[in-house]
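> First the structure, then my questions, so here it is.
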Amino acid sequence: ERGARHVSVCTLLDKSGKRRTKLEADFVGFQVGDEFLVGYGLDWAHRFRGLPYIGVVEKKS
10 ERGARHVSVC
20 TLLDKSGKRR
30 TKLEADFVGF
40 QVGDEFLVGY
50 GLDWAHRFRG
60 LPYIGVVEKK
70 S
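Throughout the sequence shown, residue numbering follows this note's numbering, covering 10 to 70 in sequence.
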């Protein structure tokens, strides 16, 4: 079997509080909390995906 000897995980955004596995990324850009993020391909109801930045969707009070 010709598998990789080593695999590294790289992520821009790490929500470690929501993680369901013991997987830890080798390279992390930013640690983020339990916020809903949009922009740079992340969307909310098919909106905001094309934003040129990452933003937080605020909950209404």
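Glycine residues also receive a C-beta, built at the ideal position from the N, C-alpha and C atoms.
Note that the structure is a prediction, hence the values are computed from the model and not measured.
For L26, which of helix, strand or coil comes out of DSSP?
Checking the displayed sequence, the identity of residue 26 turns out to be Gly instead of Leu. Three-state DSSP puts G26 in a helix.
> My output table needs one value for V65: the three-state DSSP class, helix, strand or coil.
Of the three classes helix, strand and coil, the one that applies to V65 here is strand, per DSSP.
> Which residues in the same chain as E67 place their Cβ atom closer than 6 Å to its Cβ, once the five residues preceding and following it in sequence are excluded?
For E67, where only same-chain residues beyond five positions count, there are no Cβ hits under 6 Å.
> Checking 8 Å against the spacing of the C-beta atoms, do F57 and V47 come in under that value?
Against a cut-off of 8 Å, the Cβ pair of V47 and F57 comes out as a contact.
> Is the beta carbon of F45 sitting closer than 8 Å to the one on C19?
No, they are not a contact pair.
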